[in-house]
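The sequence shown begins at 10 in our numbering and counts up one residue at a time. No residue lacks a Cβ here, since even glycine has one placed at the ideal position from N, Cα and C. In what follows, a structure is listed as structure tokens, so that the remarks can point back to it.
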Amino acid sequence: MARDRSPIVKQSRREGYALHPKAHKILIKKSAAPGQAPGTRTRKPSLYLTQLREKQKVRRLYGLLEKQFARLMTEATRRQGLAGENLLQLLELRIDNAVYRAGFAVSRRGARQLVSHGNFLLNGKRVDIPSIRLKPGDEITVRPKSARNGYFTHISDVVGNSVQSPLSWLKADTAKLKIVVTSLPKREEAESDINEQLIVEYYSR
């Protein structure tokens, strides 16, 4: 399974955005992009560069490769409604993102690993593909075998350390190790500091 294995902190410095909880402290100490000396004066970025960086930020935030992201953008454009909001909805509906958003992992990378290792059942069937798209009514549960390992027996500690806010489209039950998709994600519940219009403009060039 193809994935981006480059250090998440380095990616965060490149985008000027914490793509992982552990990157917050590093960005305070090292805000410059990799290879750039601290305090170096930079030119005002062009519109193209601003669009590119926003696209890269969101792509890396959700852990997609370029071809995967471009395919989602194509689908989002073909759907009714605003292409940018459609894109965010498709990203949010990935099963690895749902596991993260429900608080079963402290990062999307962590959630992706949990899914790819086959720890979850989707509507009773074992899944190991992080990009599986969910729909309202879907039920995600932890495999009985996985439920006995240390991570899931202490899932309340993981949820307690999660910064996720309750979402209207997901219902998580940590006691039963279950997540239910109750509706479609709303734009206001996605990451607030994403400018999806810049991404739409980037692909519209």
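Quick check: what's the CA-CA separation for residue i versus residue j?
| i | j | result |
| --- | --- | --- |
| L100 | R157 | 30 Å |
| L179 | I104 | 11 Å |
| P139 | G72 | 10 Å |
| S192 | R52 | 44 Å |
| H33 | A199 | Here H33 scores only 48 on pLDDT, less than 50, and its place in the model is too uncertain to base an answer on. |
| N132 | I141 | 12 Å |
| S116 | G90 | 29 Å |
| S155 | R69 | 28 Å |
| R214 | P54 | 17 Å |
Residue i lies in the beta strand (DSSP E); which residues open and close that run?
| i | result |
| --- | --- |
| D182 | 179 to 182 |
| K187 | 187 to 190 |
| V136 | 134 to 136 |
On the DSSP letters alone, give me the boundaries of the alpha helix (DSSP H) that residue i sits inside.
| i | result |
| --- | --- |
| T162 | 159 to 162 |
| V209 | 205 to 212 |
| I141 | Neither: I141 is in no alpha helix (DSSP H) and is coded neither H nor E. |
| E84 | 75 to 87 |
| L193 | No alpha helix (DSSP H) contains L193, which DSSP labels as neither H nor E. |
Excluding the five sequence neighbours on either side, which residues of its own chain have a C-beta within less than 7 Å of the C-beta of residue i, listed in chain order?
| i | result |
| --- | --- |
| Q98 | L193, P194 |
So residue i and residue j are in contact, right, with Cβ under 8 Å, and what is the actual spacing, rounded?
| i | j | result |
| --- | --- | --- |
| R8 | L176 | Since the displayed the chain opens at 10 and closes at 214, residue 8 lies outside it and no answer follows. |
For residue i, which residues in the same chain have their Cβ closer than 6 Å to its Cβ, ignoring the five residues on either side in sequence?
| i | result |
| --- | --- |
| G127 | R135, D137 |
| Y212 | M82 |
| S125 | D137, P139 |
Stretch-stretch touch, CB-based, cutoff 8 Å, three pairs: the segment 195 to 207 with the segment 59 to 72: yes
Is the segment 146 to 153 in contact with the segment 66 to 81, if contact means three or more CB pairs nearer than 8 Å? no
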